[in-house]
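**Q** Each step along the sequence shown adds one to the number in the working numbering, with nothing skipped, and position 192 is 285.
Take a look at this one; I'll ask things after.
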Amino acid sequence: MKSNNKNILLLLMLYTCVLPVKGQNVYTLDECIEAALQNNVRIKNADNDLKMAEHDKKEAFTKYFPTVSAVGSGFIANEPLVQMQMSPEAKMSMLKDGMVGGVSAALPLFTGGQIVNGNKLAKVGVEVKKLQKKQTDNEVRITVEKYFWQVVMLKEKLKTVSTVEKQLERLQYDVQSSVDAGVTTRNDLLQVQLKMNDILSGKIQLENSLSLSLSLLGQYIGAQSDSIDVAFSVSDELPQSPDELLCNHLEALERTNEYGLLKQNLKASQLQYKMAIGKNLPTIAIGGGYVYDNFIMGQDQSFWVGFATVSVPISGWWGGTHAIKKQKLSVCNAENTLQDNRDMLVIGMQNSWNNVNDAYRQIKIAHLSIEQSAENLRLNLDYYSAGTSTMSELLDAQTLYQQSRDKYVEAYTNYELKKREYLQATGR
Numbered sequence: 094m095k096s097n098n099k100n101i102l103l104l105l106m107l108y109t110c111v112l113p114v115k116g117q118n119v120y121t122l123d124e125c126i127e128a129a130l131q132n133n134v135r136i137k138n139a140d141n142d143l144k145m146a147e148h149d150k151k152e153a154f155t156k157y158f159p160t161v162s163a164v165g166s167g168f169i170a171n172e173p174l175v176q177m178q179m180s181p182e183a184k185m186s187m188l189k190d191g192m193v194g195g196v197s198a199a200l201p202l203f204t205g206g207q208i209v210n211g212n213k214l215a216k217v218g219v220e221v222k223k224l225q226k227k228q229t230d231n232e233v234r235i236t237v238e239k240y241f242w243q244v245v246m247l248k249e250k251l252k253t254v255s256t257v258e259k260q261l262e263r264l265q266y267d268v269q270s271s272v273d274a275g276v277t278t279r280n281d282l283l284q285v286q287l288k289m290n291d292i293l294s295g296k297i298q299l300e301n302s303l304s305l306s307l308s309l310l311g312q313y314i315g316a317q318s319d320s321i322d323v324a325f326s327v328s329d330e331l332p333q334s335p336d337e338l339l340c341n342h343l344e345a346l347e348r349t350n351e352y353g354l355l356k357q358n359l360k361a362s363q364l365q366y367k368m369a370i371g372k373n374l375p376t377i378a379i380g381g382g383y384v385y386d387n388f389i390m391g392q393d394q395s396f397w398v399g400f401a402t403v404s405v406p407i408s409g410w411w412g413g414t415h416a417i418k419k420q421k422l423s424v425c426n427a428e429n430t431l432q433d434n435r436d437m438l439v440i441g442m443q444n445s446w447n448n449v450n451d452a453y454r455q456i457k458i459a460h461l462s463i464e465q466s467a468e469n470l471r472l473n474l475d476y477y478s479a480g481t482s483t484m485s486e487l488l489d490a491q492t493l494y495q496q497s498r499d500k501y502v503e504a505y506t507n508y509e510l511k512k513r514e515y516l517q518a519t520g521r
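Put into structure tokens, the structure is as follows:
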């Protein structure tokens, strides 16, 4: 019986140890980004938008082909529709019943460039959707990084809380011993206990925030929030300097999606201007067809026809000239927007680079603060043990240590985000 109990206990221990590992997936940052690019709804919608633009392009290409149409009709009447008295003895009637049908095809020879420019405009639409998809990819990447580093920051803060908890537990044991020995007043013990309560309260808030952040990350990458974790630990060593990330901002301009969209917008405005002119030019088309009927004389007959058409929009020029001038002003606006936003993009790159440098300086300051606060805590612990410092001073030193650790983690994760923003701002 005892042997069976031991076996059951062993199985329960194995089950407890193995189950969480089996049900949890640990993601690196790159894996989170890859999962989001595959599962996020914004990426799926951007893919569909691109496909729709490609269909528009294919539809525009069909305008080069002849337009083919077929028509057919029939009728029946109780009396002939046309009756003629040829002579007292002779009477002719027509159109009592019959049918007519035909097939025709028309090929546009000249449309003022509307078909050519329409195809070019559809091609611009595809390029715009490609650039917008890249923009969406970048936005998804930066959002994933925000959620990822938020989780990392909260996990690191929980580590700091655990370290402080252990320090307080040791301090509480020492103070309790001193109180029992009559060396220290009970007030010091109460201060330690109150501090532990504050730490536990903050720990609960951190755990709730971590759970929410994991849920947001899981939803964004298409994974169950209760089955994921992130694989990253903030190092106590300073990260690498961002100097190697710096590039020529004017050269980087051509790589950015935003500048590409501005140029495509100008190209689209120019094509729309040409199409506005084309709508007011003559159009020429040729065609032919086959016709069959049997209702005129009641006999079957069929024939082939050919035709050519020239259409000149004479009255259309009254309003057309204003449409052309309006579109020309639209081209001027697109040129102005391109130049203005070009300068703003360069300014944005410089500002993003400044943010990276500022974030790195904050890391160095926070890293130095950890060393100073740790030394301050050690000294206050020695002073308290020697009776030359109060418990309040010791707990204040411990609070400063915890705050310095938290600020370092916040500065570290902020630096990683600023690097990503700068890389995207410079088209990388």
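No residue lacks a Cβ here, since even glycine has one placed at the ideal position from N, Cα and C.
Is the CB-CB distance between Y515 and S445 below 9 Å?
**A** Closer than 9 Å, so yes.
**Q** Taking all protein chains shown into account, decide if A163 is buried (16 or more other Cβ within 10 angstroms of its Cβ) or exposed.
**A** Answer is exposed; the Cβ neighbour count stays below 16.
**Q** Start and end of the beta strand (DSSP E) containing D190?
**A** Per DSSP, D190 belongs to the beta strand (DSSP E) from 190-203.
**Q** Counting only the same chain and skipping the five closest in sequence on each side, list residues whose C-beta sits under 7 Å from that of H460.
**A** Closer than 7 Å at Cβ, skipping near neighbours: L331, Y501.
**Q** Counting only the same chain and skipping the five closest in sequence on each side, list residues whose C-beta sits under 7 Å from that of A146.
**A** So the list reads G218, V219, K222, once near-sequence residues are dropped.
**Q** Among all the DSSP beta bridges, which residues are the ones paired with W397?
**A** W397 pairs with Y383.
**Q** If we count the other Cβ atoms within 10 Å of its Cβ and call it buried at 16 or more, is F168 buried or exposed?
**A** Exposed: under 16 other Cβ atoms inside 10 Å.
**Q** What residue range does the beta strand (DSSP E) around G441 cover?
**A** Here G441 belongs to no beta strand (DSSP E); instead the alpha helix (DSSP H) covers 409-479.
**Q** What is the DSSP secondary structure of A129, counted as helix, strand or coil?
**A** Helix, per DSSP.
**Q** Assuming A504 and Q465 are in contact, meaning their beta carbons sit under 8 Å apart, how far apart are those beta carbons, in whole angstroms?
**A** Contact flag wrong, Cβ pair sits at about 15 Å.
**Q** With respect to the alpha helix (DSSP H) encompassing D149, which residues constitute its N-terminal and C-terminal limits?
**A** Unbroken alpha helix (DSSP H) run through D149: 134-154.
**Q** Nearest by alpha-carbon distance to G191: which of A199, K226, Q392, T376 is it?
**A** Checking every option, the nearest Cα to that of G191 belongs to Q392.
**Q** Output the distance between the C-alpha atoms of K115 and R348, rounded to the nearest integer angstrom.
**A** The predicted position of K115 is uncertain, since its pLDDT is 44 and thus under 50; a value taken from the coordinates is nonetheless stated next. Answer to the nearest angstrom: the Cα atoms are 43 Å apart.
**Q** Measuring alpha carbon to alpha carbon, tell me which residue in N118, L261, S302 is nearest Y494.
**A** Nearest of N118, L261, S302 to Y494, Cα basis: L261.
**Q** How close, in whole Å, do the beta carbons of K144 and K216 come, if the pair is a contact with beta carbons under 8 Å?
**A** No, K144 and K216 are not in contact; Cβ-Cβ is about 15 Å, not under 8 Å.
**Q** What residues in its chain sit with their C-beta under 7 Å from that of G520, if we drop five residues either side in the sequence?
**A** A345, R348, T349.
**Q** Mark V323 as exposed unless 16 or more other C-beta atoms lie within 10 angstroms of its C-beta, in which case mark it buried.
**A** V323 is buried by the Cβ-count criterion.
**Q** Tell me, please, whether the segment 242-250 touches the segment 262-282 by the rule of three or more beta-carbon pairs shorter than 8 Å.
**A** They do not touch, by the three-pair rule.
**Q** Quick one: measure Cβ to Cβ for L431 and L355, integer angstroms, because I've assumed they're closer than 8 Å.
**A** 5 Å between Cβ atoms; contact.
**Q** Take F396 and list the residues in its own chain whose beta-carbon comes closer than 7 Å to its own, dropping the five residues that flank it on each side.
**A** Answer for F396: V384, listed in chain order.
**Q** Taking the beta strand (DSSP E) that D322 belongs to, which residues open and close that run?
**A** Here the beta strand (DSSP E) through D322 covers 321-323.
**Q** Rounded to whole angstroms, what's the CA-CA distance from G413 to T376? Just pull it up for me.
**A** Answer to the nearest angstrom: the Cα atoms are 15 Å apart.
**Q** Go ahead and pull the three-state DSSP assignment for A163.
**A** Strand.
**Q** With a cut-off of 8 Å, do at least 3 Cβ pairs link the segment 413-426 to the segment 466-477?
**A** They do not touch, by the three-pair rule.
**Q** Taking contact to mean 3 or more Cβ pairs, one atom from each stretch, closer than 8 Å, check whether the segment 367-381 and the segment 195-207 are in contact.
**A** Because the criterion of three Cβ pairs below 8 Å is met, the segment 367-381 and the segment 195-207 touch.
**Q** Give every residue of the same chain whose Cβ lies closer than 7 Å to the Cβ of G353, excluding the five residues on either side of it in the sequence, and list them in chain order.
**A** Within the same chain, G353 has close Cβ partners L224.
**Q** Taking only the alpha-carbon atoms, compute the straight-line gap between S304 and L310 and give it to the nearest angstrom.
**A** Roughly 10 Å between the two C-alpha positions.
**Q** In terms of DSSP beta bridges, what is Y494 paired with?
**A** The partner list for Y494 (beta bridge, DSSP) is empty, contrary to what the question assumes.
**Q** Starting from the Cα of K512, find the closest Cα among E337, M437, Q131 and give me that residue.
**A** If we check each option's Cα against that of K512, E337 comes out closest.
**Q** Just tell me which of Y120, S462, P406 has its CA closest to the CA of V244.
**A** Looking at the Cα atoms, Y120 is the closest of the given residues.
**Q** For N118, list the residues DSSP reports as bridge partners.
**A** Per DSSP, I321.
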